[in-house]
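Presented below is the structure to which this report refers.
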Amino acid sequence: MKYCRFLFSATLLSLSSFMAQASCLSAGVIENKPIGYLDAQGLATGVHWDFLEEISRESGLCIEKELMPFARVWLGLEVGRHDLVVGFASPSRDGKVIKVGLIRELKTIVVGAKGYNVRNYEDLISLDIGKTRSTKLDNRFDKDTQLIVSELNDYEQAVNMLLAGRINALAGSYKAIKYQLEQSNQPNYLDRNGFHVLGVRQQWLHMSKQSEFKSEIPKLKAAVEKLQATGTLAQLVKKHYEVSN
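One gets the numbering used here by counting positions in the sequence shown from 1 and adding 3 to each.
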C-alpha cells in the first residue's frame, strides 16, 4: 500500500512538472556574444536573452530559453521546435514565421580591412567580403551574385579575420562589429577606416507558425510595445554593447 501511495505521488509530481513545462513558451537564443552566451559564472545572459526575460516578466507568460547556433535557431522556429526567436526580419522568412513585435532597428554596414577604403557600394566589387552565416543584411547586397561573400561562424571570428587581413571587408550589424572591434582593442577602427552603410534592418520578436501559443500574441505584442516605450529594451542594448571587458 505504501509503495502504491509513493508511486501515485511520483506520478502526480511528474505530471505536474510536465504540465508546467507545457504551459511555457520555448525560445531559441542565438549563441553569439553579446546576443546570448555563458558568463564567467557559467550563467546564460546576453542582450536577446535579457529581451526575452523582460518580455516574459512584462507579459506574465513563462518563456523557457535555450542557447543554440544561428542555423538551429531559425530552423527550429520554422518547424515548430520552439515558439519564439528575436532576430532580423527578412522577406525570405516572412512567409514562414509570425512577426509579433518590433524590438529595434539596426544599421548594417560594410567595413574594409586595413588598406581597403569602402565608402560606396561599388567599392565592394572584387573584394573578399565576410559575413556571419545565413544573416540577411540588405536586399541588394543579399541578392548580388557579383559579390564574393564568405560565410563565417560568428562576429568574433569575422572581426579577427578582418584585422588579420584574411578577408578584405566585413559586412554586418554596425553594433555587433563595433562591439567585437572594442573587444579586440580597436575601439576607433570604424572612425579611422570609415565604412559604407548598407541600410537599416528591423529586429523582431518572431513566433513559429507551428506554435500552440498563437493566442498569446496580443500579450507578447503589448509587452514589447511597453518595453519600447519605457526605454527598457534600449537600456538592455546599452548594458551589453557598451560594457568593457
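All residues carry an ideal CB built from backbone N, CA and C; glycine is no exception.
Check                                                                                                                                                         : Outcome
Taking its Cβ as the centre, do 16 or more other Cβ atoms sit within 10 Å of Q44, making it buried, or is it exposed?                                         : exposed
With H, G and I counted as helix, E and B as strand and the rest as coil, what does DSSP make of E67?                                                         : strand
At 4 residues or longer, and completely inside the region 81-138: list those alpha helix (DSSP H) runs for me, N to C.                                        : 94-97
Take V88 and list the residues in its own chain whose beta-carbon comes closer than 6 Å to its own, dropping the five residues that flank it on each side.    : G31, V76, L80, H209
Quick check on the DSSP output: what are the complete alpha helix (DSSP H) runs of length 4 or more inside the region 165-225, in order along the chain?      : 177-186, 192-196
Which stretch, first to last residue, makes up the alpha helix (DSSP H) that contains L55?                                                                    : 50-62
Would you please state the rounded distance, in angstroms, between the beta carbons of G39 and T111? I believe it to be under 8 Å.                            : With a Cβ gap of about 20 Å, G39 and T111 do not count as contacting.
When the Cβ atoms of the region 133-140 are set against those of the region 63-75, are three or more pairs found closer than 8 Å?                             : yes
Is the region 45-63 close to the region 225-239, with three or more CB pairs under 8 Å?                                                                       : yes
Using CA atoms only, rank isn't needed, just tell me which of S214, R122, D86 is closest to R195.                                                             : R122
By DSSP, does N163 sit in helix, in strand, or in coil?                                                                                                       : helix
Residues in its own chain within less than 8 Å of V240 by CB, not counting five upstream and five downstream?                                                 : V50, R107, K178
Let me check understanding here. Comparing Cα to Cα, which of G63, R60, H85 lies closest to E69?                                                              : H85
Residues bridged to G39 by DSSP?                                                                                                                              : N35
Helix, strand or coil for S154? Go by DSSP, reduced to three states.                                                                                          : In the sequence under discussion, the amino acid at residue 154 is Glu, which differs from the Ser named in the question. Strand at E154.
Should Q149 be labelled buried (16 or more other beta-carbon atoms within 10 Å of its own) or exposed?                                                        : exposed
For G115, which residues of its own chain have a beta-carbon under 7 Å away from its beta-carbon, when the five flanking residues on both sides are left out? : V121, N171, A172, N196
Mind checking who S26 pairs with in its DSSP beta bridge?                                                                                                     : In DSSP, S26 forms no bridge with anything.
In the DSSP assignment, what residue or residues form a beta bridge with A47?                                                                                 : L41
Identify whether D141 lies in helix, strand or coil by the three-state DSSP scheme.                                                                           : coil
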